[in-house]
Amino acid sequence: MTDSKSLVRISNVVKHFDISGGFLDRISFSGGMPALTTTTVKAINDVSLDIAQGEILSVVGESGCGKSTLGRTVLGLYPPTSGEIAFRGQRIDNLSPKEMLPYRRKMQMVFQDPYASLNPRMTVRQILEEPTHFHFPELSGSQVQDKVAEVMRQVGVDPAWAGRFPHEFSGGQRQRISIARALMVDPEFIVADEPISALDVSIQAQILNLIMDCQERFGLTYMFITHDLSVVEHISTRVAVMYLGTLCELADKKSLYGDPQHPYSRALLSAIPKLGAKGFAHIRLKGEVPTPIHLPTGCVFHTRCPFVEERCRREIPKLLTRPNGSQAACHALEEGQI
Amino acid sequence: MTHLLEVQDLVVKFGLRSGDLTALNGINFTLNPGERMGLVGESGAGKSVAGFSIINLISRPGFIASGRVLFEGEEISAYPLEQMRGIRGNRISMIFQDPMMTLNPVLTIGTQMVETIQAHNQVSAAHAREIALEKLQKVYISSPGKRLGQYPHELSGGMRQRVVIAISLLTNPSLIIADEPTTALDVTIQAEVMALLLELCKHEHMGLILITHDLGVVSQVTEKIAVMYAGRIVEQGPTTDIVTNPRHPYTKGLIQALPQGGSGRGRLHQIPGMMPNLTSIPPGCAFHPRCEQAMDICRRETPRLFGDAEHSGLVACHLYSQSR
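Chains as they are written, first to last, in our numbering: chain A, 40 to 377; chain B, 481 to 804.
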């Protein structure tokens, strides 16, 4: 996709983490000779996707699939090992911190745990004022205060409570404050990393509604990272399914949930607990997720795939666009076997 | 037929300096042999306390203030510690949320399993190992012989929870209490573990009390559900009835708050406010400040669980007592 509507473009991003440790940790002996080894976690392997203006793109996958790493890499919290990230056509992954500043304002993040992401020693007012002072130094003190009150009202927290500390609020309210902090600097793009996983069902619904309200009211674009597939089905425009640092399938919500293509998406979706269902009809995958330190050759899913063939072990499948516009990376699909 | 488990007016309190805190306010339910029940509610509803108090695992400052727990007709809530050991982990097993916390990290799986068997039965170590091996096979662990010599950290999360389930089966219990057994696991592994638990319960004719906040999981595994709110059961009945036709406004709200497939992208139904803190439970029906249909009587009188001729379930709500 090369349409002009794309807000964030992720091209061939690779992110590896070196976990070899210090010099002594790296020494190993092979055949009696000391040698230095490096161990890398291959968290993201060649992921490309476009996030269109105004959409909610959900990234789903199981623990360790690299979805959070992808979100953080997009925001520049981690520099990518290779590949490019562009915001409105401007490449941002190679900018200096100073050049990056205006983009940091436009791209904000909401974290999973509202207990950990709010400074316990700051009042809500201080938490909300800090980014505003930083990004809008021209605003006067009273203008900032007005903005704090306005944003607090928008997220449904009484502005009269601005003097309180995070511990005086419940989990749901704290997550509202996290969202308020992101909204304070008028962002265009928000990466929400598991924003509702720590919350109870009835509170989850409140926060999801708030997230959708903000999208409509401010024309926000979201990258929504979660493992909760029923939530994804509710709020997303498009969904990206990741497995072991690789994009398996990218499709609009309807086609993914109606007719998942990639064998991994099929298995993942079949495992969603369903209200009113009796017993289990999930697709059983053999084995366990391999470690991202030693990735399988070829297709990363081949060790567990029910449709595995010889080619899958050798060749990494490319993301191919299907007639309905969805994309999937699978040899068996490409050859029309499934 | 005697019930497998009968809980009568169970009240659990926590003694605090500022006075006693009531965590469980008179709950009643029964479980038949081989029956699977779900205890559902949000954090702080008292569902874990209910599960723990059945085998008297409430630690200080918590205590069972009144009520009785009958297991296979015996009043186990009156048992002294020594006698309780014959029940706990033996005839009633418990599975906890986090397998990394339940398994001892410095002992091999084999040692832990043999230890459990020998604590309850007089068998030789060799025989105990055989039993352990057999149970590991039952939970579909690949190469079980090798696993006996491994430590918990060498196994993946799903495999650890399988080991925990295998340990809970060692003494052939007639009831398993599982407290959020799959909350820490990914969906595909959750489905595997829950399917396994369901199969084992059916196959071994074991009773199951599944404590969870996930209504989807509960509806796939259990035959009946008790919905808890602020230390009380507000609705209970057959799973299909509760899921398809909930009556209590709280149950309705919980189910409508779940994003449902295919319903498009509308706003989700939200229950306003949050679960009250146990120190300040509202008078009358504890749910009334959040209830859209609250009436005067709800603020004054606490509704009791009751049933009627048309419904197989019980509900604690004045909306239904008036129309009766």
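Backbone N, C-alpha and C fix where the C-beta goes; we use that ideal spot for every residue, glycine too.
It should be emphasised that the depicted structure is a prediction, and the values quoted were computed from it without experimental measurement.
Check your understanding: Does the distance from the CB of A:G318 to the CB of B:Q488 come in under 8 Å?
Key -> Between A:G318 and B:Q488, the C-beta gap is not smaller than 8 Å, which leaves the two residues out of contact.
Point to revise | Contacts around A:S67, its chain only, beta-carbon distance under 7 Å, and the 5 residues preceding and following it disregarded | key: A74, T76
Review point. Is B:P783 near B:C771, with beta carbons less than 8 Å apart?
Key: no
Check your understanding: Looking at B:L501 and B:T724, is the spacing between their C-beta atoms short of 8 Å?
Key -> no
**Study point:** DSSP three-state assignment for B:P718, whether helix, strand or coil
**Key:** In the three-state reduction of the DSSP assignment, B:P718 falls in the strand class.
Exercise for review: Run down chain B in chain order and give the residues with a C-beta less than 8 Å from the C-beta of A:F319.
Suggested key: A671, M674, A675, L678, Q700
Check your understanding: Measuring CA to CA, which of B:L649, B:G638, B:T591, B:V643 is closest to B:T668?
Key -> B:G638
Review point. Can we say the stretch 123-134 of chain A touches the stretch 300-313 of chain A, given the rule of at least three CB pairs closer than 8 Å?
Key: no
Review point. Of all Cβ atoms in chain B, is any one closer than 8 Å to the Cβ of A:P327?
Key: The sequence shown places Glu at residue 327 of chain A, rather than the Pro named in the question. Under the 8 Å criterion on CB atoms, A:E327 is classed as interfacial with respect to chain B.
Check your understanding: Bridge partners of A:K54, per DSSP?
Key -> A:I83
Check your understanding: Between A:N51 and the rest of its own chain, which residues show a CB-CB distance below 8 Å, the 5 nearest in sequence each way excluded?
Key -> So the list reads D85, V86, S87, S121, G122, E123, once near-sequence residues are dropped.
Review point. Could you give the residue range of the beta strand (DSSP E) that holds A:R277?
Key: Start and end: 277-282.
Check your understanding: When Cβ atoms are compared, which residues of the stretch 283-316 of chain A fall closer than 7 Å to chain B?
Key -> Y296, A306, L307, A310, I311, P312, K313, L314, G315, A316
**Study point:** Coarse secondary structure for B:R804, derived from DSSP in three states
**Key:** Note that B:R804 scores a pLDDT of 44, beneath 50, so its modelled location is shaky and nothing firm can be said.
Exercise for review: Check the Cβ of B:M470 against every Cβ in chain A and list those closer than 7 Å, keeping chain order.
Suggested key: A query on residue 470 of chain B cannot be resolved here, the shown segment of chain B reaching from 481 to 804 and no further.
Check your understanding: chain B partners of A:Q245, CB-CB under 7 Å?
Key -> Q750
**Study point:** Those runs of the beta strand (DSSP E) which lie wholly inside the stretch 64-135 of chain A and span at least 3 residues
**Key:** Runs found: 66-69, 72-75, 79-91, 95-99, 121-126.
Review point. Between B:N584 and the rest of its own chain, which residues show a CB-CB distance below 7 Å, the 5 nearest in sequence each way excluded?
Key: Q592
Exercise for review: Alpha carbon to alpha carbon, how far is B:I544 from B:N536? Give it in angstroms, no decimals.
Suggested key: Near 8 Å, if we compare the C-alpha coordinates of B:I544 and B:N536.
Review point. When we look at the beta-carbon of A:G60 and count the other beta-carbons within 10 Å, is it buried (16 or more) or exposed?
Key: exposed
**Study point:** A:E288, buried or exposed, once every other Cβ within 10 Å from all chains shown has been counted against 16
**Key:** Within a 10 Å sphere around the beta-carbon of A:E288 sit 16 or more other beta-carbons, which makes this residue buried.
**Study point:** Span separating the alpha-carbon of A:A316 from that of B:T702
**Key:** 11 Å
Check your understanding: From the beta carbon of B:A710, is the nearest beta carbon of chain A less than 8 Å away?
Key -> no
Check your understanding: So, is B:S573 buried or exposed, given that buried needs 16 or more other C-beta atoms within 10 angstroms?
Key -> buried
Review point. DSSP on A:Q229, reduced to helix/strand/coil?
Key: The amino acid at residue 229 of chain A is misidentified as Gln; the sequence shows Ile. If DSSP states are grouped into helix, strand and coil, A:I229 belongs with the strands.
Exercise for review: Give the secondary structure of B:A789 by DSSP, where H, G and I count as helix, E and B as strand, and everything else as coil.
Suggested key: DSSP places B:A789 in coil when its eight states are reduced to three.
Practice item. State the start and end residues of the unbroken alpha helix (DSSP H) segment that holds B:Y730. Key: B:Y730: member of the alpha helix (DSSP H) spanning 729-737, first to last residue.
Point to revise | Same chain only: Cβ atoms within 7 Å of A:S269, ignoring 5 sequence neighbours per side | key: I311
Point to revise | Interfacial residues, the stretch 679-695 of chain B to chain A, with Cβ spacing under 7 Å | key: Under the 7 Å Cβ criterion, the stretch 679-695 of chain B contributes H693, D694, L695.
Practice item. Classify B:P653 as buried or exposed, calling it buried when 16 or more other Cβ atoms lie within 10 Å of its own Cβ. Key: buried
Check your understanding: Any idea if A:T171 is buried or exposed, counting beta-carbon neighbours within 10 angstroms, 16 or more meaning buried?
Key -> buried
Practice item. Could you have a look at B:F576 and say whether DSSP puts it in helix, strand or coil? Key: Under the three-state reduction of DSSP, B:F576 is assigned to coil, being neither helix nor strand.
Check your understanding: Using DSSP with H/G/I as helix, E/B as strand and the rest coil, what is A:V187?
Key -> helix
Check your understanding: DSSP beta-bridge partners for A:D291?
Key -> A:R277
Check your understanding: Anyone know if the C-beta pair for B:A827 and B:I575 falls short of 8 Å?
Key -> The structure shown does not extend to residue 827 of chain B, since chain B spans only 481 to 804, so no value can be given for it.
**Study point:** Test item: CB-CB of B:P541 and B:L496 under 8 Å
**Key:** yes
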